[in-house]
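Heads up, the sequence shown is in my numbering, so the first residue is 1 and it goes up one at a time.
The beta carbon of each residue, even a glycine, is placed where N, CA and C say it ideally should be.
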Amino acid sequence: MIAVRLRFRGPLHVGLHSLDSAGVVVHSDTLFGAIGSVLPRLGISTYEFVEAMRNARISSLFPFDSEHYYLPKPVNANSLVLGTFADTPEGYALSKRFRKAPLLTKEAFEMVVGGRIEAERLGELLPEGLPARIVDIPKVALDRLASNSNIFYMTQVHFREDAGLYFLYEGSEEIFRRYILPAVKFLGDEGLGGKRSWGLGLFDFEIDRNFSFSGLPEKSERYVTLSLVLPKSREEVLQWEPVRRSGWVHTTGGTPRRKPTMLFAAEGSIVRENAGRILDLDEIGEFSKEIGHRVHVYGRAFPVPMGG
């Protein structure tokens, strides 16, 4: 398993629906789309990349700093911790702290997913905050005809100097070197997310080839996903938090087209090992006829086996 760490040179904007919304986590479908969009400019076939990724996986992007990797809470974790420790005042206070934590450190994640929760140790491992802050930046829009001004706010994510975002890759070295690595190098100077023409989203990167999970089984009946999942059937998702995703398809020389709104299982959902799929939007509409090429949406699970 490989961790690719992105250290941003400035702010990042990855909007949820508009300029005034942003999140610290960048979803796996956004990362997949960003990689696929730049490969043709490097002379690499996007179609070959899509086919290769049926045998490899990428996670969503999560924060990291000099001390920790951060990961999503499993969807059942709040009730699990409350049920384990709520019988004492100290345990109840711990469960409240746990519920408020937006993400877990890697060590706390391993403890919870592995089913071996120790109250004192868990309390030490809970993050006090994230190594990033979300800032609303005021901007002024001018009417082209009357020159009337209108103030709006754009949300940006600012990371600490020792922090950034990382994603995990699992698959062959050949796929990583042929598709992922060149695209990440290109995106570093092109930018990730929105408002790249303003200089947002530029980054340097480094690779951690020693990333692994400790204390977890090799196989399980249940898996926590570290990516968005677009289920093939209801049987693939066991406990999940739904998230709606849409967005725009931009193509060189073509007209932008909005993607249909789709329902995914969020990061931290509990799924089967092979849950999810890569969806060709031609299956639900004639996208390729309208914009001149096929559009694929990444919805494969990045499964981490659960213990306990």
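Quick check on the burial criterion: 16 or more other C-beta atoms within 10 angstroms. Buried or exposed for Val-135?
Classification for Val-135: exposed.
Distance, Cα to Cα, Lys-106 vs Gly-292?
The alpha-carbon atoms of Lys-106 and Gly-292 are separated by roughly 42 Å.
Count the C-beta pairs between the segment 51-69 and the segment 164-179 that are closer than 8 Å, then say yes if the count reaches three, no if not.
The segment 51-69, when compared against the segment 164-179, does touch it at the 8 Å Cβ threshold.
Output the distance between the C-alpha atoms of Leu-226 and Trp-240, rounded to the nearest integer angstrom.
One C-alpha to the other measures close to 12 Å.
Give the DSSP-derived three-state secondary structure of Ala-183 in the structure shown.
Three-state DSSP puts Ala-183 in a helix.
Which same chain residues end up closer than 6 Å to Gly-193 when comparing Cβ atoms and leaving out the 5 residues on each side of it in sequence?
Within the same chain, Gly-193 has close Cβ partners Leu-12, His-13, Val-14 and Gly-201.
Can you list, in chain order, the residues of its chain with a C-beta nearer than 6 Å to that of Arg-272? Leave out the 5 residues immediately preceding and following it.
Result list for Arg-272: Glu-236, in chain order.
Using the C-alpha atoms, what's the distance from Ala-77 back to Met-1?
Spanning the two alpha carbons is a distance of roughly 24 Å.
So, for Glu-120: in the same chain, excluding its five sequence neighbours on each side, which residues have a beta-carbon less than 7 Å away from its beta-carbon?
No residues qualify anywhere along the chain.
Taking 8 Å as the threshold (C-beta atoms), are Leu-230 and Phe-264 in contact?
Yes, these two residues count as a Cβ contact at 8 Å.
According to DSSP, is Met-262 helix, strand or coil?
Three-state result, Met-262: strand.
Considering only residues of the same chain and omitting the five flanking positions on each side of Tyr-69, which have a CB-CB separation below 6 Å?
The residues are Lys-106.
Helix, strand or coil, according to DSSP, for Leu-126 in the structure here?
Looking at Leu-126 - three-state DSSP - the assignment turns out to be coil, as it is neither helix nor strand.
I need the straight-line Cα distance from Ala-34 to Tyr-298, nearest angstrom please.
The straight-line gap from Cα to Cα measures roughly 11 Å.
With Arg-245 as the anchor, note down where its beta strand (DSSP E) starts and where it stops.
Counting along the chain, the beta strand (DSSP E) containing Arg-245 begins and ends at 242-245.
Kindly list the residues whose CB is nearer than 8 Å to the CB of Gly-307, restricted to its own chain and excluding five residues on each side of it in sequence; keep chain order.
If we look at Gly-307 and ignore the five residues flanking it on each side, its Cβ neighbours are Val-113, Gly-114, Gly-115, Arg-116, Gly-215, Leu-216, Pro-217 and Ser-220.
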